[in-house]
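Numbering (UniProt numbering), first residue to last: 1 to 314.
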């Protein structure tokens, strides 16, 4: 019953994570019981059109999900799941822009004024989103959309633990290009001539490329294995976590070494060179905290994968 599975998945999307599995199981059992009763009455299997009509009678996934949520006043139950989702996205965007701005401007060391400005930005985002949804609620914008609901247009159920082979092949291809560049000699030196421009990188560049080569070869082996078993399990999650953390910290080590040491070109004005060196030095100053932030995101992603496997009883 693929159509039923797609319907249940669409309802789960709008439910809080702490209750979505229980409600989905209850709803699935209820729908399948209704289908079995209809099949017993007709003496045959229901067609996709009949199952679609049955699901349409239950209502759009958003309408069904709101029946399991507490009643709200300003934002009605129909819109509340969408409201929470948009609020999370807006908050993540504001916080992300604040972090990027602080790292770029050097405001990460005790400058709490910038934090207050960002807090005001969060309040502003909350207010704007709330006002927009309150207006939508008062005008009942979603009413027509839910009436037009067609179960056959629901997206297919996606296994979040499954990997796309196209992504794996692309990753292998990227690593192979890096390996070729290294053995062709393009990444085994720190001095380059590009477009009549003389560029000298820090000595750490060669070491960075050598370590990256080892990681690339190991990743090719891991990704090749995943091509035959394109789904996450605890060993692949662990190895992927180690590889990603290693690449992040090696990148931070290289960037913190003041990567660009010299730029010479008759076509570049001195003040342009000074700006490039200035940004390279600023990047070196904040490379470690920036990469630490990336590493934190990598840890969160790995934790989410472990939790998903745990829930599946792996």
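Backbone N, C-alpha and C fix where the C-beta goes; we use that ideal spot for every residue, glycine too.
Problem set entry | Burial state of residue 235 (16 or more Cβ within 10 Å) | exposed
Exercise. Among 90, 295, 6, 224, which residue has its Cα nearest to the Cα of residue 56?
Worked result: 6
For this session: Would you list, in sequence order, the uninterrupted beta strand (DSSP E) runs of no fewer than 3 residues that lie entirely inside the region 193-230?
Result: 197-201
For this session: Check the DSSP bridge columns for residue 263 and list the partner residues they point to.
Result: 199
Problem set entry | Nearest residue (CA-CA) to residue 268, options 204, 299, 308, 195 | 195
For this session: Run the CB neighbour count on residue 186, radius 10 Å, all protein chains shown included, and call it buried at 16 or more, exposed below.
Result: exposed
Problem set entry | DSSP three-state assignment for residue 58, whether helix, strand or coil | helix
Problem set entry | contact_flag[the region 167-178, the region 240-249] where n(CB pairs < 8 angstroms) is 3 or more | no
For this session: Using the Cα positions of residue 286 and residue 217, report the straight-line distance between them to the nearest angstrom.
Result: 29 angstroms
For this session: Indicate the three-state DSSP secondary structure (helix, strand or coil) for residue 164 in the structure shown.
Result: coil
Exercise. What are the boundary residues of the alpha helix (DSSP H) that includes residue 24?
Worked result: 20-42
Problem set entry | Beta-carbon gap between residue 191 and residue 254 smaller than 7 angstroms | no
For this session: Using only alpha-carbon positions, find the residue among 87, 50, 223, 239 that is nearest to residue 36.
Result: 50
Exercise. Taking DSSP as the reference, what is the three-state secondary structure of residue 12?
Worked result: helix
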